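The block underneath contains the structure these notes are about, expressed in structure tokens.
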């Protein structure tokens with residue numbers, strides 16, 4: 056191969072690299088993944104606080120649900136789910152019991168089960184694992200932008216991009232799945248592929264974090280609504296394997312009975 | 002007397018804590034009700050996110066029924082005195098549970114009286 060042929064091949068490869076997305080998750084400006092040493096060890100300002108630890112929903116501060124306000128104006132799509140959930144609840148049934156049937160929990164409900172969320176804060180990211188179903192959420196904080204929705208693989212946890220703003224951690228989450236995903240199961244409020252969540256997390260004290268969620272989902276409702284929750288440090292729980300396995304519901308009478316669940 | 006007092010305390014504890022550790026909703030359960038059935042352990046599963054008991058029961062009509070009781074995960078059950086070997090197939094026990102509104106065989110586990118009279122719960 057001559058030098059010219061090598062150059063041509065290199066130029067072709069470069070052209071391909073520019074024209075075709077190289078990954079289904081966004082990469083940072085240098086094309087580096089989170090755990091690449093050159094990304095991880097880059098010099099950064101110190102973080103205002105460190106979330107590393109296990110955190111559990113504080114029931115004394117607020118309930119576990121992400122119920123929308125009664126004033127929320129639903130779209131036709133949102134109204135259909137809301138009415139069906141209301142009817143099911145009146146009959147003592149569960150509308151579209153997807154989480155019970157082992158579909159992923161996802162955001163935002165994964166933040167607020169009674170099982171702890173185990174958080175590990177790195178210099179350029181935060182890894183959050185909800186112990187129930189071991190669901191993982193990665194907060195990218197290395198300056199990258201959201202992945203093009205036309206390329207991103209939709210997920211239940213969504214794609215979370217975080218940054219520090221004053222003394223708060225601000226997390227922007229998009230790129231969600233469009234089906235079997237809920238913001239409030241009992242109110243029949245789905246999370247669509249247009250769901251967009253902004254969280255502002257601050258430390259109330261060393262053992263208490265506050266997470267203010269702002270939800271937008273133009274497919275389901277008009278405008279936005281906010282819900283604020285708190286979590287407490289849990290110092291006596293290590294992460295265990297917790298899976299929703301195919302045989303689980305054979306032994307769970309509350310999910311095995313079809314007439315208790317209104318399914319799609 | 003001792004057994005009923007303990008059961009009462011356990012029931013109160015369970016009423017005070019929502020079923021939020023569960024992987025699903027508890028619709029269809031009579032949260033204020035209580036049912037106690039005696040039978041033979043068919044299976045005791047020690048696991049996450051739920052443990053469970055399958056109990057062979059002979060009902061009032063003399064028919065065989067299998068009752069399924071949903072239980073907390075081991076991280077909670079150990080606080081109620083349970084270990085993985087607390088129940089074995091063939092053990093004759095009395096299980097107290099929150100029943101289904103429509104009386105189907107099963108419920109949310111509250112406590113169990115073991116063959117030796119010991120009570121375990123939570």
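Protein chains in written order, with my numbering: chain G, 56 to 319; chain Y, 2 to 123. Just so you know, even glycine gets a beta-carbon here, dropped at the ideal spot from N, CA and C. Bear in mind that the values here come from a model prediction, so they are computed numbers and not experimental data.
Look at the alpha carbon of residue i and the alpha carbon of residue j, and state the distance between them as a whole number of angstroms.
| i | j | result |
| --- | --- | --- |
| residue 111(Y) | residue 262(G) | 32 Å |
| residue 176(G) | residue 247(G) | 29 Å |
| residue 76(G) | residue 193(G) | With a pLDDT of 46 at residue 76(G), under the threshold of 50, the predicted position of this residue should be treated as unreliable, and no value is reported. |
| residue 198(G) | residue 83(G) | 6 Å |
| residue 162(G) | residue 206(G) | 20 Å |
| residue 298(G) | residue 305(G) | 14 Å |
| residue 168(G) | residue 119(G) | 7 Å |
| residue 228(G) | residue 61(Y) | 56 Å |
| residue 236(G) | residue 203(G) | 21 Å |
| residue 49(Y) | residue 184(G) | 16 Å |
| residue 96(G) | residue 85(G) | 13 Å |
| residue 295(G) | residue 271(G) | 33 Å |
| residue 221(G) | residue 78(Y) | 43 Å |
| residue 105(Y) | residue 74(Y) | 23 Å |
| residue 279(G) | residue 127(G) | 8 Å |
| residue 113(Y) | residue 309(G) | 20 Å |
| residue 233(G) | residue 93(Y) | 49 Å |
| residue 117(Y) | residue 44(Y) | 19 Å |
| residue 130(G) | residue 115(G) | 33 Å |
| residue 84(Y) | residue 307(G) | 20 Å |
| residue 302(G) | residue 254(G) | 36 Å |
| residue 101(G) | residue 213(G) | 26 Å |
| residue 289(G) | residue 51(Y) | 21 Å |
| residue 155(G) | residue 90(G) | 34 Å |
State the beta-bridge partners of residue i as determined by DSSP.
| i | result |
| --- | --- |
| residue 40(Y) | 94(Y) |
| residue 177(G) | 180(G) |
| residue 404(G) | Limits of chain G in this structure are 56 at one end and 319 at the other, which puts residue 404(G) out of reach. |
| residue 254(G) | 226(G) and 268(G) |
| residue 41(G) | Given a span of 56 to 319 for chain G in the structure shown, any question on residue 41(G) remains unanswerable. |
| residue 15(G) | Examination of residue 15(G) is not possible in this model, given that chain G is present from 56 through 319 alone. |
| residue 93(G) | None, per the DSSP bridge assignment. |
| residue 109(G) | 173(G) |
| residue 110(Y) | 98(Y) |
| residue 71(Y) | 53(Y) and 109(Y) |
| residue 1(Y) | Only positions 2 to 123 of chain Y appear in the structure, and residue 1(Y) is not among them; the question remains open. |
So, residue i versus residue j, is the Cβ gap smaller than 8 Å?
| i | j | result |
| --- | --- | --- |
| residue 39(Y) | residue 97(Y) | no |
| residue 119(Y) | residue 80(Y) | no |
| residue 242(G) | residue 122(G) | yes |
| residue 111(G) | residue 258(G) | no |
| residue 109(Y) | residue 55(Y) | no |
| residue 147(G) | residue 107(Y) | no |
| residue 282(G) | residue 151(G) | no |
| residue 42(Y) | residue 91(Y) | yes |
| residue 173(G) | residue 245(G) | no |
| residue 101(Y) | residue 31(Y) | yes |
| residue 275(G) | residue 132(G) | yes |
| residue 186(G) | residue 209(G) | no |
| residue 160(G) | residue 211(G) | yes |
| residue 63(Y) | residue 121(Y) | no |
| residue 145(G) | residue 284(G) | no |
Taking residue i as the reference, give the member of the options with the closest Cα.
| i | options | result |
| --- | --- | --- |
| residue 264(G) | 92(G), 108(G), 97(G) and 201(G) | 108(G) |
| residue 201(G) | 243(G), 216(G) and 191(G) | 216(G) |
| residue 115(Y) | 59(Y), 33(Y) and 86(Y) | 86(Y) |
| residue 143(G) | 276(G), 240(G) and 302(G) | 240(G) |
| residue 95(Y) | 52(Y), 68(Y) and 51(Y) | 68(Y) |
| residue 105(G) | 284(G), 238(G), 179(G) and 234(G) | 179(G) |
| residue 46(Y) | 99(Y), 89(Y) and 100(Y) | 89(Y) |
| residue 250(G) | 230(G), 267(G) and 266(G) | 230(G) |
| residue 76(Y) | 308(G), 293(G) and 309(G) | 293(G) |
| residue 226(G) | 149(G), 256(G), 233(G) and 211(G) | 256(G) |
| residue 189(G) | 166(G), 195(G), 89(G) and 100(G) | 166(G) |
| residue 113(G) | 238(G), 93(G), 266(G) and 223(G) | 266(G) |
| residue 94(G) | 276(G), 307(G) and 196(G) | 196(G) |
| residue 35(Y) | 99(Y), 121(Y) and 44(Y) | 99(Y) |
| residue 223(G) | 92(G), 90(G) and 103(G) | 103(G) |
| residue 134(G) | 291(G), 99(G), 273(G) and 301(G) | 273(G) |
| residue 99(G) | 219(G), 156(G), 88(G) and 140(G) | 219(G) |
| residue 268(G) | 260(G), 191(G), 164(G) and 288(G) | 164(G) |
| residue 277(G) | 140(G), 158(G), 125(G) and 157(G) | 125(G) |
Is any heavy atom of the ligand FAD found at a distance shorter than 7 Å from the C-beta of residue i?
| i | result |
| --- | --- |
| residue 108(Y) | In the structure shown, the ligand FAD is absent, as is every other ligand, since no ligand is present at all. |
Could you list which residues in chain C have their beta carbon closer than 8 Å to that of residue i, in chain order?
| i | result |
| --- | --- |
| residue 45(Y) | In the displayed structure, chain C is absent; the protein chains listed are G and Y. |
Any residues in the region 71–93 of chain Y with a beta carbon nearer than 8 Å to a beta carbon of chain G? Which ones, in chain order? 71, 74 and 76
Select from the region 290–303 of chain G all residues with a C-beta closer than 8 Å to any C-beta belonging to chain Y, and list them in chain order. 292, 295, 296, 297, 298, 299 and 303
Within 9 Å of chain G by C-beta, residues of the region 104–116 of chain Y in sequence order: 105, 106, 107, 108 and 109
Between the region 47–64 of chain Y and chain G, which residues of the former have CB atoms less than 8 Å from a CB of the latter, in chain order? 49, 50, 51, 53 and 55
Quick one: which residues of the region 130–161 of chain G get their C-beta closer than 7 Å to a C-beta of chain Y? List them in chain order. 147, 148, 149, 152, 154 and 155
Any C-beta of chain Y within less than 9 Å: which residues of the region 157–190 of chain G qualify? 157, 160, 167, 168, 169, 170, 186, 187 and 188
Which residues, in order along the region 86–119 of chain G, keep a beta-carbon less than 8 Å from a beta-carbon of chain Y? 112, 114 and 119
Positions along the region 233–262 of chain G whose CB lies within less than 8 Å of some CB in chain Y: 240 and 241
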